[in-house]
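Written below as structure tokens is the structure these notes are about.
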Amino acid sequence: MSVADLPKTEANVLRGHEGTVLAARFNSDGNYCLSAGKDRTIRLWNPHRGIHIKTYKSHGREVRDVHVTSDNSKLCSCGGDRQIFYWDVATGKVIRKFRGHEGEVNAVKFNEYSSVVVSAGFDQSLRAWDCRSHSNEPIQIIDTFTDSVMSVCLTKTEIIGGSVDGTVRTFDMRIGREVSDDLGQPVNCISMSNDGNCILASCLDSTLRLIDRSSGELLQQYKGHTCKSYKLDCCITNTDAHVTGGSEDGFIFFWDLVDASVATKFRAHSSVVTSVSYHPKDNCMISSSVDGTIKVWKS
Amino acid sequence: MDRDEDDFVFYGTPIEREEEIISRKKKAVAEASGNLRTLVPWKQEVRDEEGRRRFHGAFSGGFSAGYYNTVGSKEGWTPQSFVSSRKNRAEVKQQNILNFLDEDEKEELEGQSLGTSLQFDTFGFTAAELARKQAEKEQQKRPSAIPGPVPDELVLPSTDSIGVKLLLKMGWRHGRSIRDSHTNKSYDARREARKAFLAFSSSDAKKQTADPESVPGELESYIDLPASDDVQSSESTPVYVLYPKQDLHGLGFDPYKHAPEFREKKRSRLSDNKGIGYRSALSMDNNLFGFKSGKVAPGFGIGALEELDAEDEDVYASGYDFEETYVEDIDEPSRSIMEDKQKSVRKEPGVLSGFRLALNSDYQHERFDPPVVPKDFVPHHKFPGPLETGYKLGDPGPPEVPPPEDNNLKLLIDGVATLVARCGKLFEDLSREKNQSNPLFSFLVGGNGHDYYARKLWEEQQKRGDHTKQKLDVKLSPHMQKMTAESRGQILGERPLERSAKDSSSSATSADAIQLQYNLSDTFTKPALHGEMLEAAKPFKEDPAKQQRFERFLKEKYQGGLRSTESGGASHMSEAARARERMDFEAAAEAIQKGKWSKDSKLSTSQFMEYLSSGGMQFTSGGLAQAKDTQTENSITKEVHLKRKEYQWRPSPILCKRFDLIDPYMGKPPPAPRMKSKMETLIFTSDSGKDTKAEEIVIAKGVSFPVAQSDAQGLSKDVADKESEVEVEAENVERPVDLYKAIFSDDSDDEEDTSIHNEVGHPEKKGEAANTTLNRLIAGDFLESLGKELGLEVPPELSSSMNKVGNSVPPKGTATVNSVDSDILRVDNVPSSNHEILHSQEIARDGPRGNIEPVNGNSARSNSKYTETGSFGNQFDKIILEKATQEDRKAKTPSRRHRNLSSSPSSEDERSKKRSGRHRHRHSDSDSDSSSDHRDRHRSRSKGRRKGSSREKSSSSSRKHSKHHKHRSRDSPEKERSETKRDKHKRRG
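As you go down the protein sequences, you meet chains A and P in turn.
Under UniProt numbering, the residue at position 87 of the first sequence is numbered 87, and the numbers go up by one with no gaps.
Under UniProt numbering, the residue at position 494 of the second sequence is numbered 494, and the numbers go up by one with no gaps.
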């Protein structure tokens, strides 16, 4: 994919959130997107047509992360009210609330079978919640982190968490091992490459770091943007050719994955770009910002 | 009479006598027969052979039905339920008749089965069976290392078969052939049989060659074989049946004799439903009568339409003696003989009648091809000598060729040719090797421009060579190129070239001796390089002494071997200066080497020279800058390797289930995985960790005598020592509890603690706090600038951001975070600041005792900060010296230095001491600060319950800190740095 194909032109602006949008996520096929914000709502959009579809209200405080199952039937969300909400997408009702985190919950993810929600909390723990049973107790608490866990990724067999303590820890369920990679800098977002071999970690020293998962080797560092105090998302493009991430000055950066050069950057928002999400198949991207907008970018 | 009496026993169990039982049996039988006849079916009673009522009817109440004589449970026959779980997979049980039989029935069955007694154990099978059973029984009695039944191979029959016994009695001994004892009488018969058998088998073999005509000749050879074989072999050999009889024809009868094409069909059809009539050769080993047990075909004999052959006679004459034959190993010899035969046939010029030459013979295949001579092979030995010329001086050289059109290529070829001529053939070989894939250099391996290159090279060599040598006309004799120098010399009447002559031909004079020496000792890449360097690389031209030293350095570097001890005129230099110079040299050498290799891809030598000279300029100007570059480079590469640690982690079974994985710890007892990892950290600390730990213990005990400390930590350590003297006893007392704590508490608590304690003071005394933060800021900046000067990678953005936040928080004090960064989720400082708010509020409630001490702590900390910066400054010189010593160490040492110097451990120590001291003092208040904190937290957050409880058991946090240290020192310095940094910021904030 050449630089020209990168999504740089603004296709749509999704307005509706009152206040900061903290997360914007494509669903698994990329036809819809979800956003969560400080206004305690989750919103479902069609980013390609710029339509607001539904609003999910139930959270008591800001919503920090949202994730949707691969069959688009369920949502999970988390936020400042220390709870994880398990929603039915169609009806907009909360099926279950998982309480147990002792602090704000920073990130949630479904597993592959949408049977487990794994949440990352400010209370230095990762917790796994069972969606199938009626129990509200976590089925697993991982509390080996020594600081707030900011982000979580799931593979078929592993749980990966990135924490402010500077570590990215991989918990492999098959062999029962925890592998801790110390980046030395607070990690505020981790994101998997599409081939699953690498982890992109956004660190608070304004650097994105690409780690080889098998060896723990630091493959590349991407610099140029500003990321010092906000939880800014980063991701790898659908072709694994570029790395993208927001900046605190409202820019969106694209780096070449291999040589770490800034492929392109452009001013996307007037304020901090909190979240970016790349379309799973097309050259399309959404970004959310503190200015309350979600923008859809296409090439 | 007896019967009548029996009938009147109603109560109790009568003692039954033998005769009574018998009589009752009789009666039962009689009654049964009578009842059957007289009573209606539903009134009939079933009795066993002993006359007891054993009704099997579940319908009539089940009079001990199905228990006493049917199945083995009181409940009767329960249908088998299929249960299979992940842990216990259902096994497929093989049922046999014994499962359904009672004991007595089994006994009966046993009695019915036929078996040979031990005495008449013909083949030893029974003995084997017996032995196996015995072994099984034994094994059941005592458990052995190998579970399960004993493998058959291990239990061999202990007795010989009856046949062997008989043979032994008849005088046969083990290892001898049976036929020995017989005389010529049976010999003839056997011979006949063998013949027949071989005829049979040979006709099989014949089919392989698909040449029916060749049979007679082959047969001849076969027949010859066994006779000699009989004579020579008196020992029994393993039976080997080449062609087991599988058909129903008579022995030796071959229905396909004249139609071999059908044999294959038959064979293939047989192999499809093989197994019925097939008996493996192995089974016949023991069974002499193996063949006899085969079915006798009705069509035994010769077919009606078959012709009678001479061989057929033999077959019938001997067919029935077949069981006597010990079939010898006929495979190998027959083959060889057959080959011999074929060979002899081949050798004859005229082909025998009935034979024809094979179209393709595998006999004359070319097995010993001469090795393929590569096209560019030059048939004379190449000495790896200096300036080895590819073409001798007397060589007319390759024909003149117009240069290639491409000017660049021409330039390149010119340059390489010059270089090769100057540096020797080795250089050519090297560059060829190196640029194999480079299309530009294809002329080296004979591609485009090769001719021109050859010519050019030759010209160069001529130029450089001795011009007095006779030059032959180029076009004189193209064929001469193929001749060696020696042969040519002989033709021309020259003296054969000698080594000295070659040497004289080479241009470089002074370098020669060295090069020769190198060639003897070193790998071949180096001499060329060095020779070149001697010519080209004089980076320190301005300073001849330095250049001299540089050359010596190069020599040492590439030659290896013994180092010259004297420093060569540099003895007056200081150690530091020498080290620095050495760094320069290293860098220069590296650059020269780089230049050399990059030159290969450069176009001409002139450019290379330019490059070198410019490089030389660079070195003389700023060696230190260069060194710094490499240093930063190293630090970057070092960073590539992240710290990776592995712990055991136990996923809960339900989690595994939900992820559709198999629980790796399934079935294992549940150890606390957390504890495990903590234990690991306790036990397996790295050496450095142990060191610091030891030091800490020393400090904790307040021992102030000079400990053997590393130079780096000395200063700050001393300070820490002095300060820690105050609170000695408390720690000693509390240690056991802390061990417990070290296992069960979180590292993070400690960090939080520090932050909490730090924050606590701020709202109360803002002025002081501001001062201290200012001081710390200055100190921090100083550290940063220091780090930068050292070429360390200091993450400045982070610190500045931290500073920013840290500054913004304290003045606002109790304001919530949400108000500070009103809109957004702020990442880094959220944890600490949240705590801070919680506790600052609570502290306010706590009253006066909480107010003053933290401030003390702060000021003390700022003091320590100063000492630490002071020590840092002192160390700075050392670092510079250190830096100059070794390249790779250089990258690491400063950072480690930095860690040590920043005295984060020691200052933290102090802090912990301070705090523990505070606790100590506060013990009069019956409660420690931390525990009260945690009780507050207990109230505010459910999390506090767990940690608080563990905390309340031990009232001091100092020990925890020492543990924390351990944990830290286990990490590599980088994390250390960052952590200390963060700590600092937290303190500041």
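Backbone N, C-alpha and C define an ideal beta-carbon position, used for all residues, glycine too.
Note that the structure is a prediction, hence the values are computed from the model and not measured.
Assignment of D429 (chain P) by DSSP, reduced to helix, strand and coil, places it in the helix class.
Annotation: F98 (chain A) has no Cβ neighbours in chain P at a cutoff of 7 Å; minimum Cβ distance is about 14 Å. The beta-carbon of V116 (chain A) is placed less than 8 Å from the nearest beta-carbon of chain P. Per DSSP, the unbroken beta strand (DSSP E) holding I160 (chain A) starts and ends at E158 to S163. For the 8 Å CB-CB criterion, S125 (chain A) and I141 (chain A) form a contact. Counting along the chain, the unbroken beta strand (DSSP E) around C284 (chain A) starts and ends at C284 to S289. Against R650 (chain P), the close residues of chain A are G176, in the order they occur along the chain (beta-carbon pairs closer than 7 Å). When 7 Å is used as the limit between beta carbons, A128 (chain A) is near these residues of chain P: L655, in chain order. Under the 10 Å beta carbon count, F10 (chain P) is surrounded by fewer than 16 other beta carbons and is classified as exposed. Listed by position along chain P, the residues whose Cβ is nearer than 9 Å to that of F171 (chain A) are W649 and P651.
With respect to K298 (chain A), C284 (chain A) sits close: the two C-beta atoms are nearer than 8 Å.
Shown here, S268 (chain P) sits in a helix according to DSSP, grouped into three states.
In the three-state reduction of the DSSP assignment, C656 (chain P) falls in the helix class, which pools H, G and I.
By the Cβ rule, the segment 214-222 of chain A does not count as touching the segment 4-11 of chain A, because fewer than three pairs are nearer than 8 Å. In the three-state reduction of the DSSP assignment, R96 (chain A) falls in the strand class, which pools E and B. In this structure, F85 (chain A) and S58 (chain A) form a Cβ contact; the two beta carbons are roughly 6 Å apart against a cut-off of 8 Å. Annotation: I15 (chain P) is outside any alpha helix (DSSP H) and is labelled neither H nor E by DSSP. With the criterion set as a beta carbon lying under 8 Å from some beta carbon of chain A, the segment 85-112 of chain P has no members that meet it. G166 (chain A) and D182 (chain A) have their C-alpha atoms some 6 Å from each other. N88 (chain P) is bridged by DSSP to nothing; it lacks a bridge partner. Counting along the chain, the unbroken alpha helix (DSSP H) around L167 (chain P) starts and ends at I162 to K169. Listed in chain order, the alpha helix (DSSP H) elements of length 4 or more contained wholly in the segment 37-119 of chain A amount to none. In the structure shown, D406 (chain P) falls within a coil segment according to DSSP collapsed to helix, strand and coil.
In the three-state reduction of the DSSP assignment, I190 (chain A) falls in the strand class.
Put simply, the segment 12-32 of chain A does not touch the segment 246-257 of chain A. Fewer than three CB pairs are less than 8 Å apart. Annotated three-state conformation of M150 (chain A) is strand, per DSSP. The alpha carbon of V420 (chain P) has as its nearest neighbour, out of P:N448, P:K463 and P:S84, the alpha carbon of P:K463.
In this structure, the alpha-carbon of R43 (chain A) lies about 16 Å from that of V290 (chain A). Checking the DSSP bridge columns, you'll see I199 (chain A) partnered with A:M192 and A:I211. The straight-line gap separating the alpha-carbon atoms of V83 (chain P) and F110 (chain A) is approximately 33 Å. The straight-line gap separating the alpha-carbon atoms of N197 (chain A) and K156 (chain A) is approximately 13 Å. Residue environment for Q134 (chain P): exposed (fewer than 16 other C-beta atoms within 10 angstroms of its C-beta). Nearest in C-alpha terms to S119 (chain A), of all of A:S206, A:E18 and A:G100, is A:G100. Against chain A, the beta carbon of K463 (chain P) has no neighbour under 8 Å; the closest one sits roughly 45 Å away.
Here the alpha carbon of A128 (chain A) sits roughly 32 Å from the alpha carbon of Y222 (chain A).
In the structure shown, the three-state DSSP call for V83 (chain P) is coil.
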